[in-house]
Structures are given as structure tokens and as C-alpha cells.
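When the sequence shown is numbered by our numbering, its final residue is 157 and no position is left out of the sequence of numbers.
Below: one structure, written as C-alpha cells.
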Amino acid sequence: MSAAAPNTAPHFAEWRDRYQLVGKIGSGAFADVYEAYDTTLDEAVALKIVPDGRALSARIVREVEAAASLDHPNIVALYDWFADGEGSILVWELVRGDSLDELGHELSDGDVVAVGVELLDALAYAHSQGIVH
25 MSAAAPNTAP HFAEWRDRYQ LVGKIGSGAF ADVYEAYDTT LDEAVALKIV PDGRALSARI
85 VREVEAAASL DHPNIVALYD WFADGEGSIL VWELVRGDSL DELGHELSDG DVVAVGVELL
145 DALAYAHSQG IVH
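Below you can see the structure in the form of C-alpha cells.
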């Protein structure tokens, strides 16, 4: 069994002084995502918390490098990232609204095409920046 790479994120042990957790938005195989209030930016953000040991640090670094190189209206912005000794925390723009999964049955064919065009525009932009998702 291979050992996880050491966490290379900037260390920020007292991140809870800046970010106040509001509630859990969702979870995936490697991370949990929370809505939080950023007291410095005075706005709601999304915190992706990846516990040490659940994902290799190199994966987080690749995600940060990729996200930091993208600036597009259809791609959520990465505001910050750091570690707290227990894991890595990525601070993202919070996008409010229903998920496509929740809206799927309500969307017309034209709506689906419009969403698809926006997704493909974002994907084409990411590819033009050397990012393959």
C-alpha cells in the first residue's frame, strides 16, 4: 500500500476564525462540500474539505493549479486553498440554485440545449488553457 503524499497546501490552522460553516451542501468520494460565510470577503462561499488520507495531496495540487488558471463565467472561481493539519480546504465561489439533476424533469428541449452550449463553451475554454477534465 502506498503512502499518501505530504500535504503541500499553505497551513492555516485557524481557518474557522474566517469561515463560519453554514451547512453541508454535498459529498463525494474524496471530499465534503459546505456552504460557509467568509467574514473577510463578507459573502457566502463553498468550502471543499478533503481529509488527509482520503486523497493524495498531488491530486489537490493539480485541482488547484487547474482551477487557478481558469477565468470564465461558466466555471466556478477558486478563491483560496490551504491546509489545517487535518486536511486540505479549497474555497470556491458559491453558486446558488437547483442542481441539473433536480431541474432535469422541468427543462424544455431548448433549455437543455442552452445549458449544453454553456457547458461546452466552458469546456472549450478549459481545453484552450491546457486543462482536460
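Even for Gly, the Cβ is constructed at its ideal location relative to N, Cα and C.
| Check | Outcome |
| --- | --- |
| Going by beta carbon distance, what residues of the same chain come within less than 8 Å of S51, once the five residues before and after it are set aside? | V57 |
| Quick one: what's got a C-beta closer than 6 Å to V137's C-beta in the same chain, skipping five residues either side? | none |
| Taking only runs of the beta strand (DSSP E) that begin and end inside the region 108 to 149, which ones reach a length of at least 3 residues, in chain order? | 111 to 117 |
| Which residue wins for smallest C-alpha separation from D76, given the options V141, E67 and A107? | A107 |
| Do three or more CB pairs link the region 80 to 87 to the region 119 to 130 at distances below 8 Å? | no |
| Measure the alpha-carbon distance for L144 versus I155 and round it to whole angstroms. | 14 Å |
| For W105, tell me which candidate among V115, P97 and I99 has the shortest Cα-Cα distance. | V115 |
| Tell me the residue span of the beta strand (DSSP E) that contains V74. | E67 to P75 |
| D95 bridges to which residues according to DSSP? | DSSP output for D95 lists no bridge partner at all. |
| Quick one: grab the DSSP three-state call for V85. | helix |
| From the DSSP secondary-structure annotation, give me the bridge partner or partners of Q44. | Y61 |
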